[in-house]
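S.K.: The following block contains the structure, expressed as structure tokens.
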Amino acid sequence: MSLVTEEIKSKAEVYYGDEMGKEKSQELLREVGLPNGLLPLHDIIECGIVRETGFVWLKQKKSINHKFEKIGKLVSYATEVTAYVEPKKIKKLTGVKTKELLVWITLCDISLDDPPTGKITFKTPTGLFRTFPVSAFEVEEKGKGAAKGAMEVNGAVDVKEA
Numbered sequence: 001m002s003l004v005t006e007e008i009k010s011k012a013e014v015y016y017g018d019e020m021g022k023e024k025s026q027e028l029l030r031e032v033g034l035p036n037g038l039l040p041l042h043d044i045i046e047c048g049i050v051r052e053t054g055f056v057w058l059k060q061k062k063s064i065n066h067k068f069e070k071i072g073k074l075v076s077y078a079t080e081v082t083a084y085v086e087p088k089k090i091k092k093l094t095g096v097k098t099k100e101l102l103v104w105i106t107l108c109d110i111s112l113d114d115p116p117t118g119k120i121t122f123k124t125p126t127g128l129f130r131t132f133p134v135s136a137f138e139v140e141e142k143g144k145g146a147a148k149g150a151m152e153v154n155g156a157v158d159v160k161e162a
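In the UniProt record's numbering, the protein residues as written are 1 to 162.
The following block contains the structure:
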């Protein structure tokens, strides 16, 4: 069941299509001071932002798995990802899981250290957390060099060069 209701949509800036969705999600991450590679989504259908509450959502055609090469972590993104954003934080995250050993673990909060230490922390609903270097989640933007990443869509690994 979708967390995005018609009532929420009526209060939101809604963008459609993959190119616009990627652009707006990157823009939003920059606005709140988070690394631009946190949401490596593919085939985005819809992206919405409710500025007054910080609620955001992204819908994509298929769920994907993305490996963050610098830290060797596999992360799964569902067809719908939702969250509340504020400066240097993502709260009440849904649709994102990370693989730890052989188990998929749901993530619920992401935050940068304050004062800045160059570290980013990922928390689970059970209170467990892991901290990584922020640089592991930064990608070079188009026109600023090539960014590499491995993406798995429905079992097939596709290596993209931007």
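C-beta: ideal position from N, C-alpha, C; glycine also.
Can you find the residues in the same chain that come closer than 7 Å, C-beta to C-beta, to residue 175, ignoring five residues on each side of it along the sequence?
M.R.: In the structure displayed, the chain extends from 1 to 162; residue 175 sits before or after that span and is not available.
S.K.: Rounded to a whole number of angstroms, what is the C-alpha to C-alpha distance between Pro12 and Leu112?
M.R.: Reading the sequence shown from its first residue, position 12 is the one you call residue 12. Reading the sequence shown from its first residue, position 112 is the one you call residue 112. Inspection of the sequence shows that residue 12 is occupied by Ala rather than by Pro. Their backbone Cα atoms lie some 26 Å apart in a straight line.
S.K.: With DSSP as the reference, label Glu161 as helix, strand or coil.
M.R.: Along the sequence shown, read from residue 1 onward, the residue named residue 161 stands at position 161. For Glu161, the predicted model reports a pLDDT of 39, less than 50, meaning its position is unreliable and no value from the coordinates is stated.
S.K.: Have a look at Glu52, Lys24 and Thr53 and flag the residue whose alpha-carbon is nearest the alpha-carbon of Leu39.
M.R.: Locating residue 39 in the sequence shown gives position 39, counting from the first residue. Looking at the Cα atoms, Lys24 is the closest of the given residues.
S.K.: Contact between the stretch 95-104 and the stretch 61-78: three or more CB pairs below 8 Å?
M.R.: yes
S.K.: Given this structure, state the Cα-to-Cα distance separating Gly54 from Val4, to the nearest angstrom.
M.R.: Reading the sequence shown from its first residue, position 54 is the one you call residue 54. Reading the sequence shown from its first residue, position 4 is the one you call residue 4. Those two C-alpha atoms are separated by around 13 Å.
S.K.: Entirely within the stretch 48-88 and at least 4 residues each: give me those alpha helix (DSSP H) ranges in chain order.
M.R.: none
S.K.: Exposed or buried, what is Leu102 when buried is set at 16 or more other beta-carbons lying within 10 Å of its beta-carbon?
M.R.: As a position in the sequence shown, residue 102 is number 102, starting the count at 1. Counting other Cβ atoms within 10 Å of its Cβ, Leu102 stays below 16 and is therefore classed as exposed.
S.K.: Within the same chain, show all residues whose beta-carbon is closer than 8 Å to that of Pro125, passing over the 5 residues directly before and after it, in chain order.
M.R.: Stepping through the sequence shown from its first residue, residue 125 is reached at position 125. Only Thr106 and Cys108 meet the Cβ criterion.
S.K.: Can you round the beta-carbon distance between Lys123 and Phe129 to whole angstroms, since I take them to be within the 8 Å contact cut?
M.R.: Locating residue 123 in the sequence shown gives position 123, where the first residue counts as 1. Locating residue 129 in the sequence shown gives position 129, where the first residue counts as 1. So it is a contact: roughly 4 Å between Cβ atoms.
S.K.: Taking the alpha carbon of Lys67 as the reference point, which residue from Leu41, Thr117 and Asp114 has its own alpha carbon closest?
M.R.: Mapped onto the sequence shown, residue 67 falls at position 67. Of Leu41, Thr117 and Asp114, the residue nearest in Cα terms is Leu41.
S.K.: Since Leu34 contacts Ile90 with CB under 8 Å, what's their CB separation in whole angstroms?
M.R.: Position 34 of the sequence shown holds residue 34. Position 90 of the sequence shown holds residue 90. Right, their Cβ atoms sit about 7 Å apart.
S.K.: Short check: CB of Ile49 to CB of Val56, under 9 Å?
M.R.: Mapped onto the sequence shown, residue 49 falls at position 49. Mapped onto the sequence shown, residue 56 falls at position 56. Result yes, Cβ atoms of Ile49 and Val56 sit closer than 9 Å.
S.K.: So what does DSSP say about Asp18, is it helix, strand or coil?
M.R.: Along the sequence shown, one-based indexing puts residue 18 at 18. The answer is helix: DSSP assigns Asp18 an H, G or I state.
S.K.: Given that a residue counts as buried once 16 or more other Cβ atoms are within 10 Å of its Cβ, and exposed if not, what is Ser10?
M.R.: For the purposes of this step, residue 10 is identified with residue 10 of the sequence shown, where counting begins at 1. Under this definition Ser10 is an exposed residue.
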